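Please read the structure below before turning to the comments.
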Amino acid sequence: MQNAVGMSAALAAEIDCEPEDVLVCSTGTIGPQLPMDRVAHGIKIAVPALDSGPDSGALCATAIMTTDSVVKQSVVKRDGWVIGGMSKGAGMMRPNMATMLAFITTDAIVGPERLGDVLGAAVDVSFNSLNIDGCESTNDTVIAMASGESGVAPDPIAFASAMEGLCRDLALQMARDAEGASRVVTIDVVGVLDDSRARYLGRLVADTALVRSSFYGGDVNWGRILSALGTAEVDVDPDIISISYQGVEVFSSGAQTDYDEAALLDEMEDGDLAVGIDIGGGSGTARIVTTDLTPEYVIFNGERS
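Numbering (the numbering used here), first residue to last: 1 to 305.
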């Protein structure tokens with residue numbers, strides 16, 4: 001905490017603002033204290049280099065990278081206003097957010113309360129629906145700021161849609177850059193009492209190492225998915241659940257379906273996967289974005305301090 005206060009004070013002194021106006025974010029190896037002498041020196045170097053030119057966003061997005069291999073940026077342009085964002089994160093990803101940072105700006109006229117509500121709703125279906133390795137972190141931040149410089153107050157529905165689209169895009173970019181991952185997997189859960197329960201069930205599946213290992217092998221293993229759902233603290237009835245891979249129903253009414261296994265396995269050999277789970281009991285839905293669990297992930301994290 002002393003380091004955070006010190007960073008706020010150091011930057012405030014350089015840009016002539018109050019320390020309370022500085023938002024501090026952290027990332028990196030868990031545990032060791034920050035090298036504050038290097039941080040202070042970096043602040044003095046960074047402030048004179050502040051710029052709003054076309055290359056500045058990429059420089060900032062690069063500066064926040066840790067184990068990321070690519071820069072992550074997104075922009076949504078509408079009539080008279082725009083939303084832009086950048087994020088970092090490639091591992092220790094599990095709701096809520098985990099070790100990731102995201103910074104979003106807009107020139108639209110949006111009040112703080114409305115901006116907070118829109119951001120919260122967008123985060124729920126994007127960053128909070130992303131699961132890379134089932135591990136949470138001590139550090140996670142999503143910040144949205146509105147300057148109002150466009151002079152345009154956008155339609156509330158249009159603004160919320162743009163914010164959600166931007167956050168979903170950044171979350172998907174993080175999934176594609178996940179440590180050791182070879183494919184992205186979307187898990188769509190439907191037929192649940194409400195959206196929160198649907199998200200909970202989707203996370204159970206994405207948290208299961210056996211399920212994610214089967215994604216790596218391109219294996220149609222509905223039994224592991226059903227087993228994961230069986231650990232839920234909400235009622236699920238295997239006799240009415242259906243499970244599909246790549247849109248092909250493989251389990252329904254308590255038994256495996258008569259599908260073309262060879263054709264499906266061939267389709268799943270490479271590329272992204274889509275898993276569908278219908279609980280059969282309501283209108284709640286959720287989409288969880290995850291990845292496969294690979295030997296490369298274990299090697300990468302076994303070697304990293």
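Every residue gets a Cβ at the ideal spot worked out from N, C-alpha and C, and that includes glycine.
Remember, it's a predicted structure, so these values are computed and weren't measured experimentally.
Check, Outcome
"Would you report the Cα separation of Gly180 and Pro156, rounded to the nearest angstrom?", "39 angstroms"
"What runs of the beta strand (DSSP E), each 3 residues or longer, lie entirely inside the stretch 180-245?", "184-192, 242-245"
"How far does the alpha helix (DSSP H) with Ile104 in it reach, from first residue to last?", "It is not in any alpha helix (DSSP H) - Ile104 instead sits in the beta strand (DSSP E) that spans 101-106."
"Quick check: what's the CA-CA separation for Ala160 versus Gln33?", "38 angstroms"
"On a CA-only basis, which of Val142, Cys167, Arg212, Glu303 is nearest Ala274? Give me that one, please.", "Arg212"
"Count the other CB atoms, across all protein chains shown, that sit within 10 Å of the CB of Ala146; report buried if there are 16 or more and exposed otherwise.", "buried"
"Taking the Cβ atom as the reference point for each residue, do Gly306 and Met163 lie within a distance shorter than 8 angstroms?", "Only positions 1 to 305 of the chain appear in this structure, which leaves residue 306 out of reach."
"Could you give the distance in angstroms between the alpha-carbon of Tyr216 and the alpha-carbon of Thr105?", "36 angstroms"
"Mind checking who Asp278 pairs with in its DSSP beta bridge?", "Val190, Ser242"
"Expressed to the nearest angstrom, what Euclidean distance is found between the alpha-carbon atoms of Gly165 and Ile288?", "15 angstroms"
"If you reduce the DSSP assignment to three classes, tell me which class Ile64 lands in.", "coil"
"Quick one: residues in its chain with C-beta nearer than 8 angstroms to the C-beta of Leu226, no 5 flanking neighbours on either side, listed in chain order?", "Pro238, Ile241, Ile243, Phe251"
"To the nearest angstrom, how far is it from the Cα of Leu210 to the Cα of Leu293?", "9 angstroms"
"Kindly indicate the opening and closing residues of the alpha helix (DSSP H) around Gly84.", "No alpha helix (DSSP H) contains Gly84, which is instead part of the beta strand (DSSP E) from 81-88."
"For Thr99 versus Gly85, is the C-beta distance shorter than 8 angstroms?", "no"
"Just grab the DSSP bridge partners of Ser126 for me.", "According to DSSP, Ser126 bridges with nothing at all."
"My assumption, with CB atoms under 8 angstroms, is that Gly282 sits in contact with Gly191. Please give the rounded CB distance.", "6 angstroms"
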